[in-house]
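Visitor: There's a structure below that I have some questions on.
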């Protein structure tokens, strides 16, 4: 992508992001905790990244507005309709992931 001008690259990145949101919307059965276990990010992370990107550019973007954009509806509504309670196995896997991540950080500091 290095051969592309900045504007074209930004347009392609934005299109890919919109496609990711569409893909996540089409797969509401994929729970945030599963995304966190497998990929270390979730829909809430995407929302936080949007807010941070806005702040980096001197813009204001409310976190709840960003979540509504990412989820395609208010988060509370999405949560009531689609979010399942995390299973003990999911919680264990998430905790193990967090511990492994923290251990890797400590190893990198050594």
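Residue numbers (the numbering used here): 149 to 258. Cβ coordinates follow ideal geometry from the N, Cα and C atoms, glycine included.
(1) DSSP three-state label for residue 178, please.
(2) Within the chosen definition, does the region 226 to 245 reach the region 171 to 185 through at least 3 CB pairs nearer than 8 Å?
(3) Helix, strand or coil: how does DSSP classify residue 247 here?
(4) If you run the structure through DSSP and keep just helix, strand and coil, what is residue 149?
(5) If we call anything under 8 Å between Cβ atoms a contact, is residue 150 one with residue 232?
(6) Which same chain residues end up closer than 6 Å to residue 215 when comparing Cβ atoms and leaving out the 5 residues on each side of it in sequence?
(7) Identify every run of the alpha helix (DSSP H) within the region 179 to 208, keeping only runs that are complete inside it and at least 4 residues long; order them along the chain.
(8) Could you give the DSSP three-state label for residue 253: helix, strand or coil?
Guide: According to the structure data:
(1) coil
(2) yes
(3) helix
(4) coil
(5) no
(6) 195 and 223
(7) 180 to 187 and 191 to 204
(8) helix
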